[in-house]
Each structure stands twice: as C-alpha cells, then as structure tokens.
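Numbering (the UniProt record's numbering), first residue to last: 1 to 568.
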C-alpha cells in the first residue's frame, strides 16, 4: 500500500504520465512499444522545454543562476546513482563558493524589487508556475523514479501535489498578507489616546482624519503605516525523499511573502528539483529571484548556511540540521529533522484499522518518510492478534523496481541499506522475533516486521528510514507514553483506541509535534501545521505557518499632539 493524496484511480492524463514513465524505463522493447504512440507526443527529462537544462552530454545538467542555466567554472560534476541499477544516472554541476557568492548577491538585488511587487502579481506568477509544473509532471516524475526509486504513480502524485501546494500558497498569501490590525495607546493602563499603531502582514494604507494633518499635503493622508515585511534571501534545503514537494513548500511561501530563494537540492533528487525550478523560470519570475545551486555539501554546504547574505534557512533532513542550527547565527530557522514516530495501540483499538495503517504508515515508499510509523507499541493482550494481521498484509506487499509501482522499492543509497541491515543484525543478535525472513538484494530490502523488540536493541530507538518495523509489547498506557517520550525525537505519533477520552489524555502526554488519532502519522494536507519537538525540529511548517515565518513585523507609530477619540 502507498500513501496518496488524491484518488487511488488516476485521471486519464495522470495515467498517461505513468504509462510514459514506465515505457521509457523498461528495457523490454515490447513493453516500450506498447505506449510508444503516447510517448511520442510527450517530453521526457531534459528534452522539449527542458532542453536548456542539459549540457552537451544528455546526462549532465546545469545549475540555475540569474535567470540562466549555466555550467560551473569548477569543471567538476557530482554523480547521481540510480538506486535500482546502482549505476550513474545523471550528473550535476559542482558549484564553487564564488558562484554561491554571485547567486546570493543577485538574490539580494532581485529581492528588493520583488518586495515592491503587488501581492496579486506575485500570486499570479505562482499560479502560472503551478500550472506549468502540473503540465510537465511526466519528466519530473521520471527523474524521481530514476533518482530516488519512487514508485511511478507516487512520483506523478508528488509533481501534481506540488503544483496544488503552490496554487494554495498563492491564494493563502493574498489573504493573510492583506490583513492587519489597529492598536491605540489608551488600551494600556496609564495612557491617553495619543498614539496609533497600525500593523499588517502586507501593506496597509489608512485614511487619517484631515484635522490631524491640516498643514500637510492631502497626498500624505494615505500612506503605508506598517507591514509584515519579507526577510530577504531564504535558503531552502529539501530532502531526497520529497525533493520537489518539500522544495516548493519552502519556495512558494518565501516568494509570496516577498523574499528571494536560493535552493540547494539534495544530490539524490537534484535533477527532479532542477526540472521543477525550470517551471518557475518558464512562468516568468524576475532574474536572480530564484536560484538553484548544486554541488557537494562538503564544499559549499557550510559556506551556504553560514553566508552573511542568507536571511533565513528552511531545512528538511537529518542530523545535518542540528549542525546547521549551531552555525547559522541570528537568523530565523525552520527545521524538520526526522522522527521515531510511535504507534500506540490499546486493547479497545480497531485492530483491522490499526493493521492497515501500520502497513500504509510503516512501509509506503519503503519506510523512507519522516512521518513513517517507526515503532509499534502494542498492549500485550492484543499483540498476537495484531502481529498476525500485520504479517498477513506484509505478505501481500509487492517488492521490485519503482517503474512497476511496487510497494517496496530500493532504498536511496547503498550506505542507507547497510545502515538498515546493521539495525536488523543487532536485533537478531539480541533475540528479536523475525516475522519474515530477512532478504536483501543490493539496495532492495524486503519488508520486515520484528516482534518482541526490547529497549536494549538499536531498532527500538534509531530511525531506520527503511522497510523494517519493530514491535514492542507493553502492559500499560504509562509504559507506552514513557517509551515514546524517552526518544530524542518528537515529530509525530498515533493512537488507536475507541475511547476518545483516553486518546486525548495520551495525546496531551506525548512529546510530539502532532498526534494522529486512529490514523497513521502523515505530513499533510500541506496547509496543516507540521512541526517537531526536541531533535525533530525547530519552528512549524504548513503553508500559513511558513508564510508567517518568512516575514517579520515592522511598525510605524503616529504620535498625535492631543488625545483623539472617534465620535461616531
């Protein structure tokens, strides 16, 4: 089973995109021929409108700076390995620190003009980018299949979902950035009404009584009093598992709020991100406002995150975020850094519902999701029944290449597969019960349920980011809460019970950013708040929260010579 955000039956255009991707990826000439007629009328990665992204070698992609696609002066490239074939699929530019300097200077210049662009115009361009992004979902999805082994249907869904997010953000930005409030001084003890303070999230113009400024020009009666102003240059760093969706979740709020964007995509997923950026380019955003810099983290990572020209960092990923937070300095940070999401199942819980959500929450995209179920905390009295139900569902999961839309596809890198295997071997040595035989071929790991896991096993605490799920049997609600809260993570959790009072009490006690009741953890819908506690992050995401986070308040106070009160 796979988590989706739209109907499980794709519409004709989405279905066609999936067919195109599969036909392009299949080696079997018969399967390729099956949809050749459709494919001939569609573009693929690096072709058609995306041709200018590609260098002379069609597997080499340029970076985006000042409205142009460029080769790096370093002359070096970074290889992107296909998780399924474990061979080089693409290469991207290894940008230099000097190129980063130029990108940030251009972003600072472009942002000054962009901040003066009317909200409706910003929204108009975002809507245009969203439409282009959805129109060209097939080549973007193809990249996701090849770079991160995302199942073909889910890859198309990510592209469409990303377009929907951008459009929603445009609408929400127009609404919330146009609101404001009016403060008067006599609402605080000891003050007369001699001061007015007008604050807004966008621009607020106020018509003031003419007698207050009787000697001033009438043109000055209406002026910008206060606003929630943009921060400047926002550095966006998305993760490999959603390199398009979690990029636009940073880009769109930043742009509608009047900021410029420098995107540093993950290595795995960089080409999909470059295609997405080109959709913004095609929409007609000003030069320098959006940039996408590729390269090795060891060479430009710290240089980017510590750059004095960066005004805000929005990061999604792992432990790297903790290091960034210690180095970034006095700028706003928005970070989501992973989780060990606990699934607590009580005796009165619907076990069939719980089993279905464990499969969806624990194994979709091979468990490579921050909000995946990472540990099952099940009451001993119903544990045997629950485990049997989950085992039966695990047996039905399909395993194989992403172009076949398999439930379990290869994990993103060989090092990731090795890490997961290390957790499995540790559990085996310490006596965990294997509900399936452990099987691995290259980066492909078969789904595995580990029963009777104890707290002394690494898998009880560490985030595998793979299709391996531990079951810890508990004897009380207090024990479940204690284990959940003992984790250094605090992203999400879920509870299965028919007793809403117990659900609320447990939710209040869990030290997590979000608790789902009778459903698996999930990020989304994209306008919902999304945040983590402890090592799971700083700040809150979600469209509205991100827009607010990427602005700051500036107020202007009008001082009156005498108290003034409206008479009606």
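A virtual CB, placed ideally from N, CA and C, is assigned to each residue, including glycine.
Because the structure is a prediction, the values reported are computed rather than measured.
**Prompt:** Taking DSSP as the reference, what is the three-state secondary structure of residue 149?
**Reply:** Translated into the one-based positions of the chain shown, residue 149 becomes position 149. In this structure, residue 149 counts as coil in the three-state DSSP scheme.
**Buried versus exposed, by CB contacts within 10 Å (16 or more), residue 506** = Within the chain shown, the letter at position 506 stands for residue 506. Answer is buried; the Cβ neighbour count reaches 16.
**Prompt:** Exposed or buried, which one is residue 161 when buried takes at least 16 other CB atoms within 10 Å?
**Reply:** Reading the chain shown from its first residue, position 161 is the one you call residue 161. Buried: at least 16 other Cβ atoms inside 10 Å.
**Message:** Which complete alpha helix (DSSP H) runs does the stretch 375-446 hold, if anything under 4 residues is left out?
**Reply:** Taking only runs of at least 4 residues, the alpha helix (DSSP H) segments lying wholly in the stretch 375-446 are 380-394, 414-429.
**Message:** So residue 489 and residue 554 are supposed to be a Cβ contact under 8 Å. How far apart are they, rounded?
**Reply:** Translated into the one-based positions of the chain shown, residue 489 becomes position 489. Translated into the one-based positions of the chain shown, residue 554 becomes position 554. So it is not a contact: roughly 36 Å between Cβ atoms.
**Asked** Do you know how far the Cα of residue 529 is from the Cα of residue 293?
**Response** For the purposes of this step, residue 293 is taken as the residue at position 293 of the chain shown. For the purposes of this step, residue 529 is taken as the residue at position 529 of the chain shown. C-alpha separation (whole angstroms): 28 Å.
**Message:** With the cut-off set at 8 Å, would you say residue 72 and residue 63 are in Cβ contact?
**Reply:** Taking the chain shown and counting its residues from 1, one reaches residue 72 at position 72. Taking the chain shown and counting its residues from 1, one reaches residue 63 at position 63. Yes, Cβ-Cβ distance for residue 72 and residue 63 is below 8 Å.
**Request:** Using beta-carbon positions only, say whether residue 458 and residue 426 come within less than 8 Å of one another.
**Result:** Here residue 458 corresponds to residue number 458 of the chain shown, with the count starting at 1. Here residue 426 corresponds to residue number 426 of the chain shown, with the count starting at 1. Yes.
**Request:** Assign residue 68 to one of three DSSP states: helix, strand, or coil.
**Result:** Locating residue 68 in the chain shown gives position 68, counting from the first residue. Strand at residue 68.
**Asked** Is the CB-CB distance between residue 244 and residue 131 below 8 Å?
**Response** The residue given as residue 244 occupies position 244 in the chain shown. The residue given as residue 131 occupies position 131 in the chain shown. For residue 244 and residue 131, no; Cβs fall outside 8 Å.
**Message:** Ignoring anything shorter than 3 residues, give me the beta strand (DSSP E) runs that lie fully in the stretch 325-352, in order along the chain.
**Reply:** 333-336, 341-345
**Prompt:** When DSSP labels each residue in this structure, what does residue 604 get in the three-state scheme?
**Reply:** Outside the shown range of the chain (1 to 568) lies residue 604, about which nothing can therefore be said.
**Prompt:** Considering residue 451, what are the terminal residues of the beta strand (DSSP E) in which it resides?
**Reply:** Position 451 of the chain shown, counted from the first residue, corresponds to residue 451. Its beta strand (DSSP E) spans residues 448-451.
**Asked** Tell me the DSSP bridge mates of residue 169?
**Response** Taking the first residue of the chain shown as position 1, residue 169 is located at position 169. Answer is none; residue 169 lacks a bridge partner.
**Request:** Can you tell me which of the three DSSP states residue 79 falls into?
**Result:** In the chain shown, counting from the first residue as 1, residue 79 sits at position 79. Of the three classes helix, strand and coil, the one that applies to residue 79 here is strand, per DSSP.
**Prompt:** Do you know whose CA, among 433, 367, 260, 508, lies nearest residue 150's CA?
**Reply:** The residue you call residue 150 lines up with position 150 of the chain shown. Cα-wise, what sits closest to residue 150 is 367.
**Whole-Å CB distance - residue 291 paired with residue 103, under 8 Å assumed** = In the chain shown, the residue the question calls residue 291 occupies position 291. In the chain shown, the residue the question calls residue 103 occupies position 103. Indeed, because the Cβ distance is near 4 Å, the residues count as touching under 8 Å.
**Option in 78, 269, 167, 300 with minimal Cα separation from residue 142** = Reading the chain shown from its first residue, position 142 is the one you call residue 142. 269 is the residue among 78, 269, 167, 300 whose C-alpha sits nearest the C-alpha of residue 142.
**Request:** Report all residues from its chain with a CB closer than 8 Å to the CB of residue 116; omit the five preceding and five following residues, and keep chain order.
**Result:** Indexing the chain shown from 1 puts residue 116 at position 116. Take residue 116, set aside five residues on each side of it, and no residue of its chain has a beta-carbon closer than 8 Å to its own.
**Message:** Is the separation between the beta-carbon of residue 236 and that of residue 139 shorter than 8 Å?
**Reply:** Residue 236 sits at position 236 when you count from the first residue of the chain shown. Residue 139 sits at position 139 when you count from the first residue of the chain shown. No, they are not a contact pair.
**Prompt:** residue 489 bridges to which residues according to DSSP?
**Reply:** Position 489 of the chain shown, counting from 1, holds the residue named residue 489. Per DSSP, 534.
**Asked** Going along the chain, which residues of its own chain have a beta-carbon closer than 6 Å to the beta-carbon of residue 92, five neighbours each way excluded?
**Response** Locating residue 92 in the chain shown gives position 92, where the first residue counts as 1. Result list for residue 92: 61, 78, 270, 294, in chain order.
**Request:** Compute the Euclidean distance between the alpha carbons of residue 48 and residue 380, then round it to the nearest angstrom.
**Result:** Translated into positions along the chain shown, residue 48 becomes position 48. Translated into positions along the chain shown, residue 380 becomes position 380. Per the coordinates, the alpha-carbon of residue 48 lies some 58 Å from the alpha-carbon of residue 380.
**Message:** Would residue 498 and residue 378 be called neighbours here (beta carbons separated by less than 8 Å)?
**Reply:** Taking the chain shown and counting its residues from 1, the one referred to as residue 498 is at position 498. Taking the chain shown and counting its residues from 1, the one referred to as residue 378 is at position 378. Not a contact, by the Cβ cut-off of 8 Å.
**Prompt:** Is residue 311 helix, strand or coil by DSSP?
**Reply:** On the chain shown, residue 311 is found 311 positions in, with the first residue counted as 1. Coil.
**Request:** Pick helix, strand or coil for residue 126, following the three-state DSSP scheme.
**Result:** Translated into positions along the chain shown, residue 126 becomes position 126. If DSSP states are grouped into helix, strand and coil, residue 126 belongs with the helices.
**Request:** Say whether the stretch 259-268 touches the stretch 95-115, bearing in mind that this needs 3 or more beta-carbon pairs closer than 8 Å, one atom from each stretch.
**Result:** yes
**Item:** Contact belief for residue 536 with residue 317 at Cβ below 8 Å, rounded distance in angstroms
**Value:** Position 536 of the chain shown, counting from 1, holds the residue named residue 536. Position 317 of the chain shown, counting from 1, holds the residue named residue 317. About 12 Å; that fails the 8 Å criterion.
**Prompt:** Exposed or buried, residue 306, counting other C-beta atoms within 10 Å across all chains shown (16 or more means buried)?
**Reply:** Your numbering for residue 306 matches position 306 in the chain shown. Residue 306 comes out exposed.
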